[in-house]
Amino acid sequence: MSDAWETDRLDLDGYLGRLGIAQRPPSRAALDELHEAHVRTFTFDNVDVLLDQHPGVGLPAVQAKFAGRGRGGYCFEHSTIVAAALQRLGYDVVRHLGRVGDPAAGTQQGRSHMVVEVVLDGERLLCDPGFGMGLLRPTPLADGAESDQDGWPYRVVSTGPGLWGLQRFREAGWELAHTTDEYDVKPIDVVMAHHYTSTFPGIHFRTGLMVGKHLPGRHVMVTHRTVTIRRPGEATEHRDLRDGELVEWLRVLEVPLGADEETRLLERVAALG
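Counting the sequence shown from 1 gives a position; our numbering is that position plus 85.
In C-alpha cells form, the structure reads like this:
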C-alpha cells in the first residue's frame, strides 16, 4: 500500500544530521532525544507566511526548508517532518489535528494545530514540536498525566470523548494551550488547514511576526513589537522590542535568512507598525 504521507521521500540522514544526532532503534530515550533536538534546532516562526513565499506543507518542501536550509516554520511543518522521521525510524505514528485556545475563555480557534502521537511499548505519547512554546520532550497522552519539562510543568487532561487538552503552568496557574482530537487525518486536511492559516485575512500569522525557540535555560519569543523571555521558576520578562533589536534576535535565534529575505522581512515588519 502506498504511503500518502510520502515518508519514503524523507532524507532521514540529512534530517538527523541537521539535528546532530545518530539513528537509533525505537526507545523512549531515543524519542526524547529526537524531539528535544528538533525543538532546540528549529525556530517556530511564520516568516514565510509574512513574506508570501511559503513553499507548502508537503514533505518534500518541508524537508528542503528544514533539513536543507535549517529554517523553521509552524506546526504543520514541524509535525510533518517529525512524524515522517519517526515513522522511518520504526515508531508507531499517528497524526492529529486540534484547536489552540481555551473554549472557557472564548479563545478557542479553528482546527488548525497539528501534533504527533507515538505509541511505544503500549504507551501513548504526545509529541508537540510545533507549538509556540511547546514541549521539549513527549508527554504521556493520559488523563491527568503531568510532565516536568526542565522546570516547566505540563499536564494532559481528557476534555471529552477522543479529546485531549494540553495544559501548561504559568504565573496565573494552569492554562489550556490546545485541544487535540482523534479524528482521522489525511494529507489534504493539513493542506487545507495550512491554506487557512497562511491566507485568511486577519489571521494572526499574517498580521504579526512570531519567531520563537528553546535556548539553554530559557525560551524566547519575538514578535514585530515585543520580546518575551521565560525561564523556569522565574517571572516572565515581557517588553517592547527596541529599534534595530529584531536583527539581533534573528542572529541569536539562528534564523538562516538570505540577505533579500531579511531585507523584505524588515520592510514587512516596519509596515506592520
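Note that CB positions come from ideal geometry on N, CA and C, so glycine has one too.
A contact is defined here as three or more CB-CB pairs under 8 Å, and the stretch 106-124 meets this definition with respect to the stretch 173-183. Between residue 178 and the set 192, 157, 230, 92, the nearest pair of CA atoms involves 92. If you ignore the 5 residues before and after residue 99, its C-beta comes within less than 8 Å of the C-beta of 148, 152, 153, all in its own chain and listed in chain order.
For residue 239, the closest of 247, 109, 211, 245 by C-alpha to C-alpha distance is 211.
Residue 302 and residue 128 have their C-alpha atoms roughly 16 Å apart. Secondary structure at residue 239: strand, using DSSP grouped into helix, strand and coil.
Taken atom to atom, the span from the alpha-carbon of residue 130 to that of residue 163 is near 10 Å. DSSP places residue 298 in the strand class (E or B) of the three-state scheme.
For residue 310, same chain residues with a beta-carbon under 7 Å away, outside a window of 5 residues either side, are 325, 326 in chain order. Of the other Cβ atoms in all chains shown, fewer than 16 fall within 10 Å of the Cβ of residue 243; this residue is therefore exposed. By the CB criterion at 8 Å, residue 316 and residue 136 fall outside the cutoff. Our two residues, residue 146 and residue 355, have alpha carbons roughly 28 Å apart in a direct line. Within the same chain, and ignoring the five residues on either side of residue 252 in sequence, the residues whose Cβ sits closer than 8 Å to its Cβ are 239, 240, 241, 242, 259, 260, 261, 262.
Within the same chain, and ignoring the five residues on either side of residue 168 in sequence, the residues whose Cβ sits closer than 6 Å to its Cβ are 178, 180, 201.
In chain order, 181, 182, 183, 247, 248 place their CB closer than 7 Å to the CB of residue 266, counting only its own chain and leaving out the 5 sequence neighbours on each side.
Around residue 299, the same chain offers 124, 125 as residues with beta carbons nearer than 6 Å, after the five sequence neighbours per side are excluded. Secondary structure note for residue 306: it is in no alpha helix (DSSP H), and the uninterrupted beta strand (DSSP E) holding it is 303-308. Counting C-beta atoms within 10 angstroms of its own C-beta, residue 245 has fewer than 16 neighbours from the protein chains shown and is therefore classed as exposed. Residue 213 counts as buried, since no fewer than 16 other beta carbons sit within 10 angstroms of its beta carbon. A buried status is given to residue 133, since no fewer than 16 other beta-carbon atoms sit within 10 Å of its beta-carbon.
Here residue 313 is near residue 322, since their CB atoms are less than 8 Å apart. Non-local C-beta neighbours of residue 236 in its own chain, meaning closer than 7 Å and more than five positions away in sequence, comprise 317, 318, ordered along the chain. Residue 304 and residue 331 have their C-alpha atoms roughly 16 Å apart. Spanning the alpha carbons of residue 348 and residue 342 requires a straight line of approximately 9 Å.
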